[in-house]
Amino acid sequence: MSCFTQPAIGAYGNTSRNFARQPGINDWDIGFGKAFLMRGGAQFQLHVDTFNTFNHHQYDVNVGGLATGGSGGGSAIDGGVGDPLQGLITSSSPGRIIQLSGKITF
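In this note's numbering, the protein residues as written are 270 to 375.
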(Lines of atoms letter the chains of each structure in order from A and count residues from 1; the text may use other names and numbers.)
(Lines give C-alpha, C1' and ligand atoms only; values in the text may rest on other atoms or scores of the structure.)
Protein backbone atom coordinates (compact mmCIF):
# COMPACT_ATOMS: atom_id res chain seq x y z
CA MET A 1 0.00 0.00 0.00
CA SER A 2 1.73 3.14 -1.11
CA CYS A 3 -0.58 5.38 0.94
CA PHE A 4 1.27 4.43 4.16
CA THR A 5 4.86 5.32 4.93
CA GLN A 6 6.99 4.87 8.01
CA PRO A 7 7.39 8.18 9.92
CA ALA A 8 10.86 9.45 10.72
CA ILE A 9 12.55 8.12 13.85
CA GLY A 10 11.24 9.96 16.92
CA ALA A 11 8.22 11.40 15.07
CA TYR A 12 4.59 10.33 15.33
CA GLY A 13 2.54 9.58 12.24
CA ASN A 14 -0.62 11.48 11.36
CA THR A 15 -3.04 8.56 11.28
CA SER A 16 -5.91 8.58 13.76
CA ARG A 17 -6.28 5.94 16.44
CA ASN A 18 -8.05 2.66 15.48
CA PHE A 19 -8.42 3.58 11.81
CA ALA A 20 -7.79 0.02 10.58
CA ARG A 21 -11.14 -1.73 11.09
CA GLN A 22 -11.50 -5.49 11.30
CA PRO A 23 -14.54 -7.77 11.32
CA GLY A 24 -16.40 -7.72 14.63
CA ILE A 25 -16.12 -10.39 17.30
CA ASN A 26 -19.19 -12.43 18.19
CA ASP A 27 -18.03 -15.22 20.49
CA TRP A 28 -20.27 -16.82 23.10
CA ASP A 29 -18.89 -19.36 25.60
CA ILE A 30 -21.53 -21.06 27.73
CA GLY A 31 -21.24 -23.60 30.54
CA PHE A 32 -23.86 -25.60 32.44
CA GLY A 33 -23.36 -27.77 35.50
CA LYS A 34 -25.44 -30.01 37.73
CA ALA A 35 -24.50 -31.76 40.97
CA PHE A 36 -26.17 -35.04 41.94
CA LEU A 37 -26.01 -36.32 45.52
CA MET A 38 -25.19 -40.01 45.95
CA ARG A 39 -25.13 -42.37 48.91
CA GLY A 40 -22.55 -41.86 51.62
CA GLY A 41 -22.15 -38.14 51.01
CA ALA A 42 -20.58 -38.64 47.58
CA GLN A 43 -21.43 -36.22 44.82
CA PHE A 44 -21.41 -36.57 41.01
CA GLN A 45 -20.93 -33.35 39.05
CA LEU A 46 -21.78 -33.13 35.36
CA HIS A 47 -20.60 -30.16 33.24
CA VAL A 48 -21.30 -29.21 29.63
CA ASP A 49 -19.20 -26.36 28.22
CA THR A 50 -19.47 -24.90 24.72
CA PHE A 51 -16.99 -22.54 23.09
CA ASN A 52 -18.13 -20.40 20.13
CA THR A 53 -21.62 -21.68 20.91
CA PHE A 54 -23.41 -20.13 17.93
CA ASN A 55 -20.58 -21.10 15.52
CA HIS A 56 -19.88 -17.59 14.21
CA HIS A 57 -16.79 -17.08 12.06
CA GLN A 58 -13.98 -15.15 13.77
CA TYR A 59 -11.64 -14.02 11.01
CA ASP A 60 -8.03 -13.01 11.51
CA VAL A 61 -7.11 -10.05 9.32
CA ASN A 62 -3.43 -9.42 8.67
CA VAL A 63 -2.80 -5.78 9.57
CA GLY A 64 0.98 -6.15 9.31
CA GLY A 65 3.01 -3.36 10.85
CA LEU A 66 0.04 -0.98 11.03
CA ALA A 67 -1.36 -2.20 14.35
CA THR A 68 1.75 -3.76 15.86
CA GLY A 69 4.18 -0.91 15.38
CA GLY A 70 6.39 -3.13 13.22
CA SER A 71 9.43 -1.81 11.45
CA GLY A 72 7.34 -0.89 8.41
CA GLY A 73 10.33 -1.14 6.15
CA GLY A 74 8.17 -2.23 3.23
CA SER A 75 9.45 -5.77 3.26
CA ALA A 76 7.00 -8.66 3.14
CA ILE A 77 9.21 -10.57 5.58
CA ASP A 78 8.82 -8.18 8.52
CA GLY A 79 5.07 -7.59 7.99
CA GLY A 80 5.55 -3.91 7.25
CA VAL A 81 3.45 -1.64 5.08
CA GLY A 82 4.57 -3.44 1.92
CA ASP A 83 3.25 -6.82 3.07
CA PRO A 84 1.24 -8.35 0.18
CA LEU A 85 -1.13 -10.07 2.67
CA GLN A 86 -1.95 -6.85 4.52
CA GLY A 87 -5.71 -6.37 4.94
CA LEU A 88 -6.55 -9.90 3.76
CA ILE A 89 -8.24 -12.61 5.79
CA THR A 90 -5.50 -15.15 6.47
CA SER A 91 -7.15 -17.54 8.96
CA SER A 92 -10.11 -18.01 11.26
CA SER A 93 -10.70 -19.32 14.75
CA PRO A 94 -11.99 -22.86 15.30
CA GLY A 95 -15.70 -23.62 15.01
CA ARG A 96 -17.99 -24.73 17.81
CA ILE A 97 -16.35 -26.86 20.50
CA ILE A 98 -18.44 -28.87 22.97
CA GLN A 99 -16.92 -30.36 26.11
CA LEU A 100 -18.61 -32.84 28.44
CA SER A 101 -17.04 -33.65 31.81
CA GLY A 102 -17.94 -35.47 34.98
CA LYS A 103 -16.43 -35.65 38.45
CA ILE A 104 -17.11 -37.74 41.54
CA THR A 105 -16.22 -36.28 44.92
CA PHE A 106 -16.42 -38.13 48.22
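Each residue gets a CB set at the ideal place from its N, CA and C atoms; glycine is no exception. Fair warning: this is a prediction, and the values are worked out from it, not measured in the lab.
Cα-Cα separation between residue 301 and residue 361, rounded to whole angstroms: Along the sequence shown, read from residue 1 onward, the residue named residue 301 stands at position 32. Along the sequence shown, read from residue 1 onward, the residue named residue 361 stands at position 92. Approximately 26 Å, taken between the alpha carbons.
Contact set for residue 311: own chain, Cβ-Cβ below 8 Å, skip 5 residues either direction: Residue 311 sits at position 42 when you count from the first residue of the sequence shown. Close CB contacts of residue 311 within its chain, under the 8 Å cut and outside five residues either way in sequence, are with 373, 374 and 375 (chain order).
Beta-carbon proximity check, residue 363 vs residue 321, cutoff 8 Å: Counting from one through the sequence shown, the residue named residue 363 turns up at place 94. Counting from one through the sequence shown, the residue named residue 321 turns up at place 52. By the CB criterion at 8 Å, residue 363 and residue 321 fall inside the cutoff.
Length of the line joining the Cα atoms of residue 277 and residue 358: Looking up residue 277 in the sequence shown gives position 8. Looking up residue 358 in the sequence shown gives position 89. The alpha-carbon atoms of residue 277 and residue 358 are separated by roughly 30 Å.
As assigned by DSSP and simplified to three states, the class of residue 293: Numbered from 1 along the sequence shown, position 24 holds the residue referred to as residue 293. In this structure, DSSP gives residue 293 a state outside helix and strand, which the three-state scheme calls coil.
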